[in-house]
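**Student:**
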Amino acid sequence: GAVVSQHPSRVICKSGTSVKIECRSLDFQATTMFWYRQFPKQSLMLMATSNEGSKATYEQGVEKDKFLINHASLTLSTLTVTSAHPEDSSFYICSAYRSGTYGEKLFFGSGTQLSVL
Amino acid sequence: GIQVEQSPPDLILQEGANSTLRCNFSDSVNNLQWFHQNPWGQLINLFYIPSGTKQNGRLSATTVATERYSLLYISSSQTTDSGVYFCDGRAGGTSYGKLTFGQGTILTVHP
């Protein structure tokens, strides 16, 4: 079946550094990917929609300059948390949207636990 | 946007028990999905069910669109069913993947 690979699974960084998270669709082309954020024991919050070859669409309240999204190919979207601070610590999840012969479905990455010290 | 209310918020079961999870929606939806997030964070799409009933093994889901609710049934629960179950409802024309999750039902199945 379709697989979405997300790396790294866990990252610990110092305050002020930037962290890049990759989301890859391994066996299908994803023109659209999504990035979510999840705090402990809370639901997922959609941060942005990543569109291949164009600018990402951010949800209200999400800082574009803080969370840089690049979707340079049909199989890769990256989320860069710039100048990370402790309040950016969270669980980040990506998803990739597949449509076509086998129907429409969302596939999720395994998530990235970011801890900013 | 559409508001999603999930119940119960928490559910504890003995292995082998059956359970029903519910999602209520504030307005009509024509895209509805159920998801399971395991204790390690991995999310899986369980059902896409804008209306009617679907079954997949021990799981089944029913959506009554006219009454704005959906039910997820888990039969003969297993410890691997533990985790959080989310539902999402989309109004017509909204992007399929642009999800707004409910607060979820936390399911714990004890051996």
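Protein sequences appear in the order of chains A and B.
Residue numbering for the first sequence follows our numbering, starting at 1 and increasing by one per position.
Residue numbering for the second sequence follows our numbering, starting at 1001 and increasing by one per position.
Note that CB positions come from ideal geometry on N, CA and C, so glycine has one too.
(1) For a test of the three-state rule: what should DSSP assign to A56 (chain A), helix, strand or coil?
(2) Three-state secondary structure (DSSP) at D88 (chain A)?
(3) Should the stretch 1021–1033 of chain B be regarded as contacting the stretch 1061–1075 of chain B, the criterion being three or more beta carbon pairs within less than 8 Å?
(4) If you draw a straight line from the alpha carbon of H1036 (chain B) to that of Q1103 (chain B), how long is it in whole angstroms?
(5) What does Q1103 (chain B) touch in chain A if you count any residue whose Cβ is under 9 Å from its own?
(6) Can you list, in chain order, the residues of its chain whose CB lies under 8 Å from that of G1052 (chain B), leaving out five sequence neighbours each side?
(7) Spell out the partners DSSP gives N51 (chain A) in its beta bridges.
(8) Please give me, in chain order, every unbroken run of the beta strand (DSSP E) with length at least 3 that falls completely inside the stretch 1015–1066 of chain B.
(9) If contacts are defined as beta-carbon pairs under 8 Å, then H71 (chain A) and M33 (chain A) qualify, I think. What distance do you get, rounded to the angstrom?
(10) Using a 10 Å radius around the Cβ and a threshold of 16 neighbouring Cβ atoms, would you call R37 (chain A) buried or exposed?
(11) Name the chain A residues that come within less than 9 Å of L1099 (chain B), Cβ to Cβ?
(12) Rounded to the nearest angstrom, what separates R24 (chain A) and N1045 (chain B) at their Cα positions?
**Tutor:** Reading it off the structure:
(1) Collapsing the DSSP output to three states places A56 (chain A) in coil.
(2) Reduced to three states, the DSSP call for D88 (chain A) is helix.
(3) They touch, by the three-pair rule.
(4) Cα-Cα distance, rounded: 12 Å.
(5) Correct list: Q42, S43.
(6) Taken in chain order, the residues that qualify are T1062, T1063.
(7) Paired residues: A:T32.
(8) The beta strand (DSSP E) runs lying completely inside the stretch 1015–1066 of chain B and spanning 3 residues or more are 1019–1025, 1031–1037, 1043–1048, 1052–1056, 1059–1064, given in chain order.
(9) The Cβ separation is near 6 Å, so the contact holds.
(10) By the 10 Å Cβ count, R37 (chain A) comes out buried.
(11) Neighbours of L1099 (chain B) on chain A, chain order: F34, Y36, L44, L46, S95, L106.
(12) Approximately 18 Å between the Cα atoms of the pair.
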